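Under this note's numbering, read the sequence shown as residues 49 to 242, first letter to last. Yeah, the Cβ is synthetic: ideal placement off N, Cα and C, and Gly gets one too. Bear in mind that the values here come from a model prediction, so they are computed numbers and not experimental data. Here the structure comes first, spelled out in structure tokens, and everything after it is commentary.
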Amino acid sequence: MNATVIDFLLSRKSAPIPELHEPAPSDEEIATLIRVASRVPDHGRLAPWRFIIYRGDARFKIGALLAKRAEEREGPLAEARVEQEKARFARAPLVVGVVHCPRDNPKIPQWEMLLSGAAAAMNLVIAANALGFGSNWITNWYSDDEEGRRILGLAPQERVVGFVHIGTFSGDAPERPRPDPETLASEYSGPWSG
Ligand SMILES: Cc1cc2nc3c(=O)[nH]c(=O)nc-3n(C[C@H](O)[C@H](O)[C@H](O)COP(=O)(O)O)c2cc1C
């Protein structure tokens with residue numbers, strides 16, 4: 049058993065996004081993150097995912113577009129809310145979008161492709177932590193909005209798996225209650241009968 053990996057996984061937790069600061073992962077570290085994220089189970093080797101890097105000024109351009117879109121959807125917004133939308137992608141120095149790219153395949157259903165994307169996002173979260181960074185996987189309203197997805201660079205047929213926020217984290221994230229593992233697994237006891 050690799051006790052180090054198990055201990056690492058047992059203590060893993062997300063960092064609060066407002067506490068993710070510069071420095072961001074370097075280009076070389078980002079390349080490593082993408083290598084790890086794309087090394088996931090993928091039925092039929094379809095690579096039904098891709099990654100979008102958001103950093104630098106792009107984060108502020110996105111913020112302005114999201115604020116405008118939020119007002120289109122909801123009507124005039126209070127200044128504080130406008131500022132919140134403008135800052136969406138600018139809180140962490142790096143955001144990696146994990147994008148589900150459905151492939152036409154006669155044998156492999158799209159839900160399996162989406163699950164492979166979730167595995168990619170989780171690998172990305174873990175790899176960022178392993179490189180010493182904090183990370184946090186979110187989706188938010190713009191993932192569920194066609195125009196929001198367009199603003200973020202997705203094609204009409206694509207869907208968001210997550211926006212993984214990454215940065216230097218020097219604090220200690222609060223522990224949150226975890227489900228009791230003993231209540232989660234049971235021996236198979238025959239077909240479900242209600
Ligand atoms: C698919 C997915 C989407 C999420 N979207 C959001 C979100 O939009 N906003 C949010 O505050 N947290 C969201 N979360 C939860 C954050 O990832 C949360 O910080 C995390 O679950 C904390 O758990 P951890 O410490 O085990 O990583 C999402 C989680 C998943 C798996």
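By the 16-neighbour rule on beta-carbons within 10 angstroms, Lys155 is exposed.
Nearest in C-alpha terms to Ile54, of all of Ile174, Gly111, Ala95, Ser62, is Ile174. The three-state reading of DSSP puts Phe217 in coil, since its state is none of H, G, I, E or B. Counting along the chain, no alpha helix (DSSP H) covers Asn153, and no H or E run does either. Cα atoms of Glu223 and Ile110: separation of roughly 31 angstroms, rounded to the nearest angstrom. Each residue's CA atom was taken as its position, placing Ser218 and Trp189 some 28 angstroms apart. Not a single heavy atom of ligand 1 lies less than 8 angstroms from the C-beta of Arg98. Just measuring C-alpha positions, the residue of Pro96, Ala135, Leu125, Thr80 sitting nearest Gly104 is Ala135.
Under the three-state reduction of DSSP, Ser164 is assigned to helix. A direct Cα-to-Cα measurement between Ala128 and Leu68 gives close to 21 angstroms. Ser183 counts as buried, since at least 16 other C-beta atoms from the protein chains shown sit within 10 angstroms of its C-beta.
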